[in-house]
Each structure stands twice: as structure tokens, then as C-alpha cells.
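The sequence shown lines up with residues 6 to 483 when you count with the working numbering. Quick reminder that beta carbons are idealized off the backbone N, C-alpha and C, glycines included. Okay, structure first, notes after.
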Amino acid sequence: MTHAEINKWVYWIGGVFIGLLGLSLWFEQFWILALPVALGIIGLALFRLDWLFMLITILTPVSVAFEDLPGGLGLSLPTEPLIFGLMLVFFYKVFFDGEFDGRVLMHPIAIAILLNLGWVFITIFSSEEPVVSIKFFLSRLWYVVGFFFVATQIFRNPNNIRKFLWFYIVPLALVGIYTVSIHATHGFASKPAHWVMQPFFKDHTSYGAILAMFYPVVWAYLWSKNLTPTTKVVVTVIMLVLTAALIFSYTRAAWVSLVGSLGIMAVIMLRVRLWVLALVAVACVGGYFAFEEQIMMKLEQNRQDSSDDLAEHVNSISNVATDASNLERINRWSAALRMFEEKPLMGFGPGTYKFRYASYQHSSQLTIISTNFGDLGNAHSEYFGPLAEMGIFGLLTFLGVIIAAIFKFVTLYLKLVNRELKLILMGVFLGWSSYLIHGVLNNYLDLDKANVPFWGFLAILVAIELYHKDKSDESTAY
Numbered sequence: 006m007t008h009a010e011i012n013k014w015v016y017w018i019g020g021v022f023i024g025l026l027g028l029s030l031w032f033e034q035f036w037i038l039a040l041p042v043a044l045g046i047i048g049l050a051l052f053r054l055d056w057l058f059m060l061i062t063i064l065t066p067v068s069v070a071f072e073d074l075p076g077g078l079g080l081s082l083p084t085e086p087l088i089f090g091l092m093l094v095f096f097y098k099v100f101f102d103g104e105f106d107g108r109v110l111m112h113p114i115a116i117a118i119l120l121n122l123g124w125v126f127i128t129i130f131s132s133e134e135p136v137v138s139i140k141f142f143l144s145r146l147w148y149v150v151g152f153f154f155v156a157t158q159i160f161r162n163p164n165n166i167r168k169f170l171w172f173y174i175v176p177l178a179l180v181g182i183y184t185v186s187i188h189a190t191h192g193f194a195s196k197p198a199h200w201v202m203q204p205f206f207k208d209h210t211s212y213g214a215i216l217a218m219f220y221p222v223v224w225a226y227l228w229s230k231n232l233t234p235t236t237k238v239v240v241t242v243i244m245l246v247l248t249a250a251l252i253f254s255y256t257r258a259a260w261v262s263l264v265g266s267l268g269i270m271a272v273i274m275l276r277v278r279l280w281v282l283a284l285v286a287v288a289c290v291g292g293y294f295a296f297e298e299q300i301m302m303k304l305e306q307n308r309q310d311s312s313d314d315l316a317e318h319v320n321s322i323s324n325v326a327t328d329a330s331n332l333e334r335i336n337r338w339s340a341a342l343r344m345f346e347e348k349p350l351m352g353f354g355p356g357t358y359k360f361r362y363a364s365y366q367h368s369s370q371l372t373i374i375s376t377n378f379g380d381l382g383n384a385h386s387e388y389f390g391p392l393a394e395m396g397i398f399g400l401l402t403f404l405g406v407i408i409a410a411i412f413k414f415v416t417l418y419l420k421l422v423n424r425e426l427k428l429i430l431m432g433v434f435l436g437w438s439s440y441l442i443h444g445v446l447n448n449y450l451d452l453d454k455a456n457v458p459f460w461g462f463l464a465i466l467v468a469i470e471l472y473h474k475d476k477s478d479e480s481t482a483y
């Protein structure tokens, strides 16, 4: 297209918009004013997919979830419609332009993800709630496509890895400042900590989980030799903000997940052999069964409930006798296992747990926060949930993604020679691992705020292995 033709289109589009603007003011149809934004987003999708990808990343920490919309639909705005559009444009480019590196599809992590996605699709046909399961599958599909498959191609440019991480971290830090500021007006008490992050996060547990995912990433950047003094100060300030936000989130699972990720880092740095880890695991399991009665008696002696005092709040983590939150988790897990026992192969269908678990609760396990209607959420686990909803293969295929990612990370990390790249890879993997640990106690892969980094971090790992692992230039920005 020549310069003259471009000018002609600009004049035509400008004239049409001015005409529409006049009509909107005359007839008081102000929604027309949103057309330039919509056209701009469409233009980004068609001509600069990477810009649209980064725009979604920036918006994710500050998106707002709307639940119980007509048809039982929940939606995060403005991100999820944009992610759906990102997926459609990607499919168009793949089928009509062939713009995709086929090596990604042959990567073990991609194969594991596709197997999991395939099983989710299969279990739709046996679902107790087909409409719910279709919505679940579509949601999982647009996140996997947008922030794994699209992301691997965008991360071929190493600068985009850094942009993706910081375009999420900076808005997240701003949400942290907002939350801590509101919380301060309530004296940092534990009860307000459950809601002060609204409307950006629905509760303190999801807020804490995402903070924990990015905490190791910021920590890794602090060790970079490529930071200017000014940038180092900014990164340090962000680190302090995330630290305060994590502490005052009162999210015990987030604290546990970070401690666990530190343990993982120690294992990697010390290059502990697999057989040693297996031996320790067997010893721990054997020790638990050998002293099960004594361990349970000790845990039941802990009567410390959630508290404003941080030390007492930490102590309440192991209270399985009186802490309502811990007891409700046990109730949800038990219900999930009973559901699995009834339908071990196919499960009840993707996304159906919260609609079906009520009748699988036992009266002896109900707590003050339980409901006979079973309408208060999910299985509180990324592992028990798939087991109940998609049967044994739902869990195994999800574990397959985890195992493939861990194996590829360890082998890749040990081969890399670029120190800066190793730092970022370590930070990303520890953040991703913190979510896996947190996932024992909660599950948030129905939220945009968790899906974007969860699949995006895996895309970083794959992109580094396919496109950047042989680079030795320490000055390259990551």
C-alpha cells in the first residue's frame, strides 16, 4: 500500500468517525464513543499481536471479575474477551498464514498440555453439566492458546520475556500499594485482610497466591548485573511492596508455598540426586504411617485459630481441630474423593464440582462455613478438583504437565551458560512452583490472574530452550 493510499484510508476512517461522533451526541448513544477503542484493539490483533498480548498482560492484575452473569457465566473484564479475541486471531494466522513454529508442538511440555486439554474435551461428553463443562473447556483453551502457544512465539524476542514479566509485576505492585493503604486504615487486622484487595482480587487467598508467584521473579532481578543504579532502586522498592503485601495478605498457603519454593531452590542449587529425593520421600511417607497416631494427636492439640498476631496466624496453619478454614478444606477434599470413588474414570465433568459436591459431604465434617447447598466454591485443590471432575486421567494428565515442566527446567537450567538467563529461569520456575505448592490447598486456574502467569511461565521455559539456550552474551536484557 502506497503512502497516498494510506492517507486516503486515514481520511476516510477519520471522516466516518467524526460523522458517527456527531450522531452519537445528537441521539445520545454514547456507546459509539467506544468504537475507536474497539477499532484500535482490532488493529492491534491483526497487525501487532505482540502489543495486544502485552496489553492483556498489563490489564490482568487490575481486571475485575463479574460472577453470576446471565446463563451462569462468570467473566473477567476487560481481559477475557480480549484473550478470546487473541485466540481467534492466532488460529486465523496459523491456518491462513502458517505463522507458527511447529517445533513448539513437539516439545514435551506442549505435548503434555495438549494431552490434558484433550482429556478435558473428552470428559465433556460424559459431563453431568454439559454447558458448564463446555464453558470450562473454552476458558482453558483460550488461556492455553493465548498465554502458552502465542506466548512462545512472542518470546522469540528475548526483550519480550522481560516486558511480559514487568508488565504484570508493576500493576500488581500498584494493587499491592492500594491494598496495603486501605488495610492500614483498618489497623492491619486479619478480618479486613479478606476483602481490602477488592475489586481487583475476590479474596485474600488468590491475592496471596499471585503475589507469591511473582515474588521469586523480582528477587531474581535483584541479582542481575545488568541493572542500572536507578533501576535497582526501583526493583528494591517493588520487592519491599510485594513483601508487605504478602505479609499483610494473611494468606498462610502463600507463605507455605514460598518456603517450599526456597526448598526447591536449595535442591536445585545443591544438585541433589533424584534417588536421594526419592529416598527422602519414601522415608517421610513411611514415617507418617509409622507414627500416624502420634502425628494426628499432636496436630489435634493445636487449637490456635486464625489471628491478627502474625506468629499465632502462622501457628494456626497446622490446626486441624478447630480452625474452620482448615476443616473446610478437609471437608471439600473428602467430598472430592467420594465423587472420584463414584466416577473414577470420567468424573462428573469439567467445572462441575461446585454444583455437585453438596450431597457428598458428611455431616460429621461440616463446619461453620459449610453449606448444605454446596454453593460456596471449588475443591480447594488443583489436584482433588480434576480427580472429581475428570477422573483419574484428569489428574494424571495434569501431573504430566508438571512432571514434564520440572524435568525440562532442571535439565535446561544445568545446561545454560548465560547467568542472566539462568537467574530469570530460576525466578520464573520458583514462582511457578510456588503455585503448585499453593495448589494443594487452593485452586485458581479459573481466574485470569492465575492463568496468565501459570501458562506464561511455561511458555518462557519453552522459548528459552528453543530460541535462547545457546546465547552466552551476558549483556542481553532478559
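Can you tell which of the options has its C-alpha closest to the C-alpha of residue i?
i      : options                        : result
Met270 : Glu394, Ile252, Leu421, Gly432 : Gly432
Trp437 : Val149, Phe154, Ala455         : Ala455
Ile397 : Gly151, Glu347, Phe100, Ser369 : Glu347
Leu247 : Val180, Leu122, Glu425, Leu80  : Val180
Phe462 : Asn165, Leu122, Pro349, Thr376 : Asn165
Leu275 : Leu80, Tyr418, Ala329          : Tyr418
Phe360 : Ile465, Pro391, Ile182, Val137 : Val137
Ser489 : Leu435, Tyr173, Val94          : Past the edges of the chain, shown from 6 to 483, lies residue 489, and the structure says nothing about it.
Tyr358 : Trp228, Leu93, Phe141, Trp124  : Phe141
Ser68  : Glu333, Tyr173, Pro163, Phe169 : Tyr173
Gly107 : Ala468, Leu332, Lys474         : Ala468
Arg334 : Asn383, Val239, Tyr255, Ser131 : Asn383
Glu425 : Phe345, Ile127, Ile139, Trp224 : Trp224
Lys196 : Ser186, Ala178, Tyr255, Val109 : Tyr255
Suppose you measure from the CA of residue i to the CA of residue j; what does that come to, to the nearest Å?
i      : j      : result
Thr62  : Gly291 : 44 Å
Met59  : Glu470 : 22 Å
Leu251 : Met244 : 10 Å
Val406 : Ile114 : 6 Å
Leu64  : Val287 : 44 Å
Val155 : Asn231 : 28 Å
Leu122 : Ile23  : 46 Å
Trp171 : Pro66  : 12 Å
Ile442 : Met218 : 11 Å
Asp208 : Asp475 : 42 Å
Leu228 : Leu87  : Reading the sequence as shown, one finds Trp at residue 228 and not Leu. Whole-angstrom Cα-Cα distance: 35 Å.
Gly90  : Tyr148 : 11 Å
His199 : Phe153 : 31 Å
Pro221 : Lys98  : 35 Å
Below 8 Å on the Cβ atoms is my guess for residue i versus residue j; work out the distance and round it to an integer in Å.
i      : j      : result
Gly354 : Ile129 : 7 Å
Ala393 : Ala341 : 4 Å
Gly352 : Tyr388 : Not quite, the Cβ-Cβ distance comes to about 13 Å (not below 8 Å), so this is no contact.
Ala329 : Ile373 : 5 Å
His385 : Leu446 : 6 Å
Tyr440 : Phe459 : 6 Å
Val175 : Met395 : That pair is no contact at about 36 Å.
Leu82  : Phe71  : 6 Å
Arg161 : Tyr472 : 5 Å
Can you say whether residue i is buried or exposed, counting buried as having 16 or more other CB atoms within 10 angstroms of its CB?
i      : result
Arg53  : exposed
Arg278 : exposed
Ser364 : exposed
Met202 : buried
Glu104 : exposed
Pro204 : exposed
Phe253 : buried
Leu143 : exposed
Lys420 : exposed
Ala117 : buried
Would you mind listing the alpha helix (DSSP H) stretches within the segment 102-158 that are 4+ residues and don't spill past its ends, in chain order? Scanning the segment 102-158 from its first residue to its last, the whole alpha helix (DSSP H) runs of 4-plus residues come out as 113-129, 135-149.
Taking only runs that begin and end inside the segment 161-206, name each unbroken alpha helix (DSSP H) of 4 or more residues, in chain order. For the segment 161-206, whole alpha helix (DSSP H) runs of length 4 or above, ordered along the chain, are 163-189.
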